[in-house]
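Heads up, the final residue of the sequence shown is numbered 279 in my numbering, and it's a clean run with no missing numbers. Below is one structure, written out as structure tokens; the observations come after it.
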Amino acid sequence: MLHRNIFLLGMSLAVAGLIAPAARAQVIQRAGESGSFLGVFLQEVSGDRARALRLPEETGVEITRVDPNSPAATAGLMPGDVILQYNGQRVEGMEQFSRMVRETPAGRQVTLQMFRNGAMQTVTAKVASRPAPAAVPSAPSQPFPPQLPGVPPRIGALTRGATLGIETEAISGQLADYFGVKEGVLVRSVAANSPAEKAGIKAGDVITRVGDSRIATPAEIATQVRAKAGQPVALGVMRDHREMTVTVMPEAGDGTHRF
């Protein structure tokens with residue numbers, strides 16, 4: 021009960037902070053907030069893809085693109101490589117891999133076990149600070165809750181939706197209660213001139229469904245949007261504790277996420 025009171029008090033203070041004039045001109049720019057990066061675009065490894073790549077089992081994440089001059093490029097990583105271990109830890113999926121990379125101090129050397137052309141290989145790479153994304157002028161319709169003493173953080177993986185132009189994180193527990201949902205995906209930023217911005221989606225919105233499908237993670241959004249490629253997509257959105265439906269036309273994308 022005490023934790024909930026502290027949490028709600030923190031929310032009240034955060035709401036009060038939005039009244040300041042400076043908040044109306046806020047620039048959403050999360051440089052460094054997501055930690056370190058390698059410079060790779062990834063996709064999950066499905067059963068069919070695992071068989072096509074001759075993987076011994078359905079695991080790891082597949083590289084679809086490598087940023088030029090990135091730590092990954094310097095290490096010799098290539099599209100088609102499947103990363104199976106990160107510093108000795110088994111890679112289960114994109115969100116887990118994203119978290120491990122983000123939490124590695126910039127400048128530290130890491131060991132990657134990967135599968136390439138039917139054979140296991142081990143490479144080393146030095147992670148770097150994540151480059152600053154383009155600033156998006158916007159004011160969130162909801163304040164982002166601060167970290168509070170005694171309340172465990174509920175931070176999910178931040179992922180870039182390649183076809184919508186949003187950066188999101190999964191929410192649940194007290195954070196979900198605050199936004200008035202059971203579960204969903206919080207929009208942390210919206211890219212300028214993206215399909216999401218054109219549709220009116222704002223930072224602070226919580227996406228709860230794609231079409232008729234309930235969603236709880238950024239990966240589920242990506243999967244549902246890819247399944248409706250070339251069609252308008254109806255998103256269930258919670259804003260200021262009011263439910264609405266927003267229709268967005270995704271751009272052509274490869275369904276990958278950058279880390």
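The C-beta atom is built at its ideal place from N, Cα and C for all residues, glycine as well.
### Query
Quick one: Cα of Glu70 to Cα of Pro270, how far?
Here residue 70 refers to the residue found at position 50 when the sequence shown is read from its first residue. Here residue 270 refers to the residue found at position 250 when the sequence shown is read from its first residue. Note that residue 70 is Ala in the sequence shown, not Glu. In a straight line, the C-alpha of Ala70 is about 27 Å away from that of Pro270.
### Query
Looking at Val230 and Ile241, is the spacing between their C-beta atoms short of 8 Å?
The residue labelled residue 241 in the question sits at position 221 within the sequence shown. The residue labelled residue 230 in the question sits at position 210 within the sequence shown. Yes.
### Task
Please classify Ser56: does DSSP put it in a helix, a strand, or coil?
The sequence position of residue 56 within the sequence shown is 36, counting from 1. Strand.
### Query
Whose CA, out of Tyr106, Asn213, Pro238, Arg208, lies closest to the CA of Asp225?
As a first step, residue 225 is located in the sequence shown; it is residue number 205 there, counting from the start. The residue from Tyr106, Asn213, Pro238, Arg208 with its alpha-carbon nearest to that of Asp225 is Arg208.
### Query
How long is the line joining the alpha carbons of Glu123 and Thr267, rounded to whole angstroms?
For this step, residue 123 is matched to residue 103 along the sequence shown. For this step, residue 267 is matched to residue 247 along the sequence shown. Cα to Cα, Glu123 sits roughly 35 Å from Thr267.
### Query
Count the other CB atoms within 10 Å of the CB of Glu77; is the residue buried (16 or more) or exposed (fewer)?
For this step, residue 77 is matched to residue 57 along the sequence shown. Glu77 should be labelled exposed.
### Message
Quick check on this structure: which residue in Ala72, Leu75, Thr94, Gly100 has the alpha carbon closest to the alpha carbon of Ile83?
### Response
Along the sequence shown, one-based indexing puts residue 83 at 63. The option with the nearest alpha carbon to Ile83 is Gly100.
### Message
Check this for me: beta carbons of Pro91 and Ala148, under 8 Å apart or not?
### Response
In the sequence shown, residue 91 corresponds to position 71, counting from 1. In the sequence shown, residue 148 corresponds to position 128, counting from 1. Yes, Cβ-Cβ distance for Pro91 and Ala148 is below 8 Å.
### Message
Taking the beta carbon of Gly138 as the centre, do at least 16 other beta carbons fall within 10 Å, making it buried, or is it exposed?
### Response
The residue labelled residue 138 in the question sits at position 118 within the sequence shown. Under this definition Gly138 is an exposed residue.
### Query
Taking all protein chains shown into account, do 16 or more other C-beta atoms lie within 10 angstroms of the C-beta of Gln141, making it buried, or fewer, making it exposed?
The residue you call residue 141 lines up with position 121 of the sequence shown. Answer is exposed; the Cβ neighbour count stays below 16.
#### Entry: Buried or exposed by the 16-neighbour rule on C-beta atoms within 10 Å, applied to Met258
Taking the first residue of the sequence shown as position 1, residue 258 is located at position 238. By the Cβ-count criterion, Met258 is buried, with 16 or more other Cβ atoms from all chains shown falling within 10 Å of its own Cβ.
### Task
Compute the distance between the beta-carbons of Val121 and Met134, then report whether it is under 8 Å.
In the sequence shown, the residue the question calls residue 121 occupies position 101. In the sequence shown, the residue the question calls residue 134 occupies position 114. Against a cut-off of 8 Å, the Cβ pair of Met134 and Val121 comes out as no contact.
### Message
Glu64 and Met114 - do their beta-carbons sit closer together than 8 Å?
### Response
Looking up residue 114 in the sequence shown gives position 94. Looking up residue 64 in the sequence shown gives position 44. Cβ distance < 8 Å, so Met114 and Glu64 count as in contact.
### Query
Val60 to Arg85, Cα distance in whole Å?
Counting from one through the sequence shown, the residue named residue 60 turns up at place 40. Counting from one through the sequence shown, the residue named residue 85 turns up at place 65. Rounded to the nearest angstrom, the two C-alpha atoms are 6 Å apart.
### Met264 in three-state terms, based on DSSP
Numbered from 1 along the sequence shown, position 244 holds the residue referred to as residue 264. Strand.
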